[in-house]
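Written below as structure tokens is the structure these notes are about.
Numbering (this note's numbering), first residue to last: 6 to 256.
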């Protein structure tokens with residue numbers, strides 16, 4: 006149903022929803038984000054455009070990421086596809102790119118190997134392999150360079166995909182390239198990328214690389230302590246692994 010509110014009032018409600026979504030956590034954050042998306046849809050139906058495609062759909066990213074954190078992957082995928090239809094209807098190329106990136110991340114979350122391979126084949130026009138990894142990275146860095154947040158999420162999605170598909174060396178290269186970027190961290194926290202890279206080093210048995218990365222990280226985080234414990238176990242340093250895992254459990 007069309008809202009009786011005027012455009013100015015709707016834009017104020019959208020600003021309020023964004024602010025609430027950025028400040029709250031859990032179900033309240035999702036509720037605020039979804040409320041903002043409803044307002045956004047109403048504004049679009051009236052022919053109004055807000056500041057930028059990727060910024061317009063930042064609310065969707067907030068809601069989708071929060072659903073992922075609470076292991077509601079199916080709900081996150083459904084929301085991603087629904088909002089993608091909205092982006093397609095409005096012709097927002099950057100928003101479409103961001104939502105496609107989120108879809109790829111969700112395939113990584115649920116370890117849908119075949120679907121992930123098809124996703125990248127559709128995106129690149131060829132299967133994702135070690136041989137075309139550099140061109141895939143250049144695409145992520147270049148095609149989405151108009152918005153730094155979208156670029157960073159795209160590069161991270163590529164790194165995670167390499168890791169999920171077992172191409173650890175390529176994943177490491179992409180993660181390291183991502184951590185060198187100076188901007189575009191509004192929709193992605195650099196500490197999350199460091200944690201994923203540390204877990205990758207543990208999975209791949211890259212002990213020295215992992216220990217060098219640990220030296221740059223805040224090890225007070227329980228998730229970081231858990232990853233440190235995994236790396237130490239892989240290295241056979243049982244006493245250090247025990248300390249890190251105990252720290253994670255007690256935090």
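Quick reminder that beta carbons are idealized off the backbone N, C-alpha and C, glycines included. Please read all numbers here as calculations on a predicted model, not as lab measurements.
For this session: In the DSSP assignment, find the unbroken alpha helix (DSSP H) run with residue 128 in it and report its ends.
Result: Looking up residue 128 in the chain shown gives position 123. From DSSP, the alpha helix (DSSP H) with residue 128 extends over 118-129.
Exercise. Would you report the Cα separation of residue 200 and residue 194, rounded to the nearest angstrom?
Worked result: The residue given as residue 200 occupies position 195 in the chain shown. The residue given as residue 194 occupies position 189 in the chain shown. Roughly 10 Å between the two C-alpha positions.
Exercise. If you drop the 5 nearest sequence neighbours on each side, which residues of the same chain put their C-beta closer than 7 Å to that of residue 253?
Worked result: The residue you call residue 253 lines up with position 248 of the chain shown. 227, 230, 231 and 234, listed in sequence order.
Exercise. Do residue 122 and residue 133 come within 9 Å of each other at the CB atom, strictly closer than that value?
Worked result: Taking the chain shown and counting its residues from 1, one reaches residue 133 at position 128. Taking the chain shown and counting its residues from 1, one reaches residue 122 at position 117. Yes, these two residues count as a Cβ contact at 9 Å.
Problem set entry | Exposed unless 16 or more other CB atoms sit within 10 angstroms - verdict on residue 48 | Within the chain shown, numbered from 1, the residue matching residue 48 stands at position 43. Under this definition residue 48 is a buried residue.
For this session: List the whole-angstrom C-beta distance separating residue 239 from residue 210, where the pair is believed to meet the contact cut-off of C-beta under 8 Å.
Result: Taking the first residue of the chain shown as position 1, residue 239 is located at position 234. Taking the first residue of the chain shown as position 1, residue 210 is located at position 205. That belief holds up - the Cβ atoms of residue 239 and residue 210 are roughly 6 Å apart, short of 8 Å.
Exercise. Helix, strand or coil: how does DSSP classify residue 21 here?
Worked result: Stepping through the chain shown from its first residue, residue 21 is reached at position 16. Residue 21: helix per DSSP, three-state reduction.
Exercise. By the 10 Å Cβ neighbour count, where 16 or more other Cβ atoms means buried, how is residue 116 classified, buried or exposed?
Worked result: Looking up residue 116 in the chain shown gives position 111. Counting Cβ neighbours within 10 Å, residue 116 comes out exposed, since fewer than 16 surround it.
Exercise. Which of the three DSSP states, helix, strand or coil, is assigned to residue 220?
Worked result: In the chain shown, the residue the question calls residue 220 occupies position 215. Three-state DSSP puts residue 220 in coil, outside helix and strand.
Exercise. Count the other CB atoms within 10 Å of the CB of residue 74; is the residue buried (16 or more) or exposed (fewer)?
Worked result: As a position in the chain shown, residue 74 is number 69, starting the count at 1. It is exposed - the Cβ of residue 74 has fewer than 16 other Cβ atoms within 10 Å.
Exercise. Can you give the Cα-Cα distance for residue 218 and residue 203, rounded to whole angstroms?
Worked result: To locate residue 218, count along the chain shown from 1; it is residue 213. To locate residue 203, count along the chain shown from 1; it is residue 198. Roughly 7 Å between the two C-alpha positions.
Exercise. Taking the C-alpha atoms as reference points, what is the distance between residue 57 and residue 111?
Worked result: If you number the chain shown from 1, residue 57 lands on position 52. If you number the chain shown from 1, residue 111 lands on position 106. Residue placement at residue 57 cannot be trusted, given a pLDDT of 43 that sits under 50; what the coordinates show is reported in the next sentence. In this structure, the CA atom of residue 57 is about 24 Å from the CA atom of residue 111.
Exercise. Just the Cα atoms here: how many angstroms apart are residue 155 and residue 175?
Worked result: The sequence position of residue 155 within the chain shown is 150, counting from 1. The sequence position of residue 175 within the chain shown is 170, counting from 1. Cα-Cα distance, rounded: 21 Å.
Exercise. Excluding five sequence neighbours on each side, which residues of the same chain lie with their C-beta closer than 7 Å to the C-beta of residue 89?
Worked result: Translated into the one-based positions of the chain shown, residue 89 becomes position 84. Cβ neighbours of residue 89 beyond the five flanking positions: 101 and 104.
For this session: Take the Cβ of residue 126 as the centre, count every other Cβ of all protein chains shown within 10 Å, and call the residue buried at 16 or more, exposed below.
Result: Start at 1 with the first residue of the chain shown, and residue 126 comes out as number 121. Per the 10 Å Cβ criterion, exposed.
Exercise. Can you tell me the Cα-Cα spacing of residue 223 and residue 197, whole angstroms?
Worked result: Locating residue 223 in the chain shown gives position 218, counting from the first residue. Locating residue 197 in the chain shown gives position 192, counting from the first residue. Taking the straight line joining both Cα atoms gives about 11 Å.
Problem set entry | Alpha-carbon spacing of residue 5 relative to residue 161, whole angstroms | The structure shown has nothing for residue 5, since the chain only spans 6 to 256.
Exercise. On the three-state DSSP scale, how would you describe residue 66?
Worked result: Within the chain shown, residue 66 is the residue found at index 61, counting from 1. In this structure, residue 66 counts as helix in the three-state DSSP scheme.
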